[in-house]
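**Q** Sequential numbering of the sequence shown, starting at 1, is according to the UniProt record's numbering. C-beta atoms are modelled at their ideal positions from N, C-alpha and C, and glycine is treated no differently. All figures in this text were calculated on a predicted structure; none of them were measured in a lab. One structure follows; several queries about it will come next.
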Amino acid sequence: MLTIQPLQSEQIAAVKQMIMTVWSEIWGDVLTPAEIRELDDMQDINHARSHYFDNGGTFLVLLEAEQVVGTGAIRKLDDAICELKRMWLLQAYRGRGWGQQLADQLLDFAYQAGYQKVRLDLADAQRQAPALNFYQKLGFYPIDRYNNGLCTVFMEKALAKT
């Protein structure tokens, strides 16, 4: 049985390993694990309490038994806008509705927290085409760049009562 719950400190290492697995699936043909770690040091995960939970956000994990198989987070950008972060799902769990459930819980959190909009960024539209399609189905639409990161795709969704 799969469950979704807030990240616990003892899950941090497993979360980082799961994210590295997915990073490698997407970028492993052009980046070494060391290069991936250099691009994403995951310090936000090491400091999830201060980076997410104590700063108007949350970080959720999808678990099968005790194994981390997916993640997603909400990070505050300002009082009205938050960012969807760390949406990663192991390949075997994609296309089964779990990403949708994780996203729904995160978007509901954002709405309940009073945010009016949610933004996200993707590194590459071609390599991350399934993610791009997923976000479009969730109602995200393209916007101009909103940060100085390495990503090339920027999206936003207005939050409204459902």
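Kindly provide the ranges of any beta strand (DSSP E) runs that are 3 or more residues long and lie completely inside the UniProt domain "N-acetyltransferase" (2-160), ordered along the chain.
**A** Complete beta strand (DSSP E) runs here, min 3: 2-6, 58-64, 67-76, 81-89, 117-122, 153-158.
**Q** Give the C-beta separation of Val15 and Val61 to the nearest angstrom, bearing in mind that I take them to be a contact with Cβ-Cβ under 8 Å.
**A** Indeed, because the Cβ distance is near 6 Å, the residues count as touching under 8 Å.
**Q** Measuring straight from C-alpha to C-alpha, what distance separates Gln136 and Lys76?
**A** 21 Å
**Q** Would you mind working out which of Glu66, Thr58, Met87, Phe134 sits nearest Val22, comparing C-alpha positions?
**A** Met87
**Q** Cβ atoms of Thr58 and Phe109: under 9 Å apart, would you say?
**A** For Phe109 and Thr58, yes; Cβs fall inside 9 Å.
**Q** Express the C-alpha separation of Val30 and Gly99 in angstroms, rounding to a whole number.
**A** 26 Å
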